[in-house]
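Single-structure report; data block below.
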Amino acid sequence: MQTIAVINQKGGVGKTTTAVNMGHALAMQGRRVMLVDLDPQGHLAPCLGVFRAPREGIDQVMLQGAALESVAVSTRELLQLVPAGAALGEVERLQGGAERGQLLQRALARALPDVDYLLFDCPPSAGLLVMNAVLAADHVMIPVAGDYLSLTGLANLVNTLRRIEGLRATPLRKWIFMSRYVARRRLSREVLGKIMQHFPHYLMPTAIREAAVLAECAGAGRTIFEYRGKSKSAEEFRSLADDFLQGRVMSDEQQTSHVA
Ligand SMILES: Nc1ncnc2c1ncn2[C@@H]1O[C@H](COP(=O)(O)OP(=O)(O)O)[C@@H](O)[C@H]1O
Ligand SMILES: [Mg+2]
Numbered sequence: 005m006q007t008i009a010v011i012n013q014k015g016g017v018g019k020t021t022t023a024v025n026m027g028h029a030l031a032m033q034g035r036r037v038m039l040v041d042l043d044p045q046g047h048l049a050p051c052l053g054v055f056r057a058p059r060e061g062i063d064q065v066m067l068q069g070a071a072l073e074s075v076a077v078s079t080r081e082l083l084q085l086v087p088a089g090a091a092l093g094e095v096e097r098l099q100g101g102a103e104r105g106q107l108l109q110r111a112l113a114r115a116l117p118d119v120d121y122l123l124f125d126c127p128p129s130a131g132l133l134v135m136n137a138v139l140a141a142d143h144v145m146i147p148v149a150g151d152y153l154s155l156t157g158l159a160n161l162v163n164t165l166r167r168i169e170g171l172r173a174t175p176l177r178k179w180i181f182m183s184r185y186v187a188r189r190r191l192s193r194e195v196l197g198k199i200m201q202h203f204p205h206y207l208m209p210t211a212i213r214e215a216a217v218l219a220e221c222a223g224a225g226r227t228i229f230e231y232r233g234k235s236k237s238a239e240e241f242r243s244l245a246d247d248f249l250q251g252r253v254m255s256d257e258q259q260t261s262h263v264a
């Protein structure tokens, strides 16, 4: 089993959209996927069409020692959801030492769920919930929307991740991708260029473009594959999942084209 945390301290950059559609893309490829909502706002459930989410979710796993599988709900074939739960916000306010950041890691050490991928949808913050996700993750995926503030934020985030790596026994695989890309917008292209320059080893070749259908499907409680399976956005999320499964990043692509 591998764990993936979708993180970015900025809100509205496409974390939840990524968790939902990457998750479904992986499930449609035959992988068993569990999506975990680590944002106390609890948007993951309605995005998956679960409009009355159970009151118990990952909060019970982190605060009460419940097993992940006991709070998971099935939403699609091979795609389970662990909702946030009503008490998740309390994690952010826990007092104590370093163990507050290891609640999720410890839950997985107690009992691993029987899935191939566990995806954490993180809140837009840099608090304890995100720390828990990063310490329990094998991979972090960072969606970046095209503006200059997101570049400064990205540099800080990568530095923070490198510091956290010092606390870990195993390396953390970092993935960056453009999440609300507008090809005709100069700023979008410039941000992409800068990321290519500074983080080619982390940058995934697939960009997710800004597209109204992605906002619409979330409101309808459906994934892009259910809402508009033949759209460009659906194709992009299939391709993003392939980048991940095949370990494709820009630095390899550049090398390939250099060799060819
Ligand atoms: N590529 C995109 N094109 C258009 N709308 C998007 C795109 N990605 C996300 N959105 C919309 O933008 C809003 C914020 O996205 P969301 O995934 O919830 O971000 P986050 O989880 O980072 O706060 C949502 O309404 C979502 O539907
Ligand atoms: Mg979100």
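This note's numbering numbers the first residue of the sequence shown as 5 and each following residue consecutively.
Every residue gets a Cβ at the ideal spot worked out from N, C-alpha and C, and that includes glycine.
Just so it is clear, the structure is predicted and the values come from calculations on it, not from any experiment.
- For residue 38, the pairing in a beta bridge is given by DSSP as 84 and 122.
- For residue 28 against residue 229, the beta-carbon gap comes to about 6 Å, under 8 Å, which counts as contact.
- With respect to the 8 Å criterion, residue 95 and residue 112 are not classified as neighbours on the basis of their beta carbons.
- The continuous alpha helix (DSSP H) containing residue 199 extends over residues 190-202.
- By the C-beta density criterion, residue 135 is buried, having at least 16 other C-beta atoms within 10 angstroms.
- The DSSP assignment places complete alpha helix (DSSP H) segments of no fewer than 4 residues inside the segment 205-241 at 216-223 and 228-231, in order along the chain.
- Take residue 81, set aside five residues on each side of it, and the residues of its chain with a beta-carbon closer than 7 Å to its own are 31, in chain order.
- Around residue 222, the same chain offers 51 as residues with beta carbons nearer than 6 Å, after the five sequence neighbours per side are excluded.
- For residue 177, the three-state secondary structure derived from DSSP is strand.
- Across the structure, residue 152 and residue 140 are spaced so that their CA atoms are roughly 30 Å apart.
- Counting only runs that start and end inside the segment 47-110, the alpha helix (DSSP H) elements of at least 4 residues fall at 48-51, 62-68 and 93-96.
- For residue 165, the CB contacts under 8 Å within the same chain, skipping 5 residues up- and downstream, are 138, 144, 176 and 178 in chain order.
- For residue 6, the secondary structure class from DSSP, reduced to helix, strand or coil, is strand.
- For residue 134, the enclosing alpha helix (DSSP H) starts and ends at 132-140.
- Residue 147 is bridged by DSSP to 181.
- The segment 239-247 makes contact with the segment 209-218, as at least three CB pairs between them are under 8 Å.
- Cβ-Cβ separation between residue 127 and residue 42: approximately 6 Å, consistent with a contact (criterion under 8 Å).
- Between ligand 1 and the CB of residue 12, the shortest heavy atom gap is smaller than 7 Å.
- For residue 227, the Cβ stays outside the 7 Å cut-off from all heavy atoms of ligand 2.
- If the five residues before and after residue 60 are omitted, its C-beta is found closer than 6 Å to the C-beta atoms of 75 and 89, all from its own chain and listed in chain order.
- Around the beta carbon of residue 214, 16 or more other beta carbons sit within 10 angstroms, so the residue counts as buried.
- With respect to the 8 Å criterion, residue 18 and residue 183 are classified as neighbours on the basis of their beta carbons.
- Short of 7 Å from the beta carbon of residue 14, and not among the five residues preceding or following it, lie these beta carbons of its own chain, in chain order: 128, 154 and 157.
- By the C-beta density criterion, residue 63 is buried, having at least 16 other C-beta atoms within 10 angstroms.
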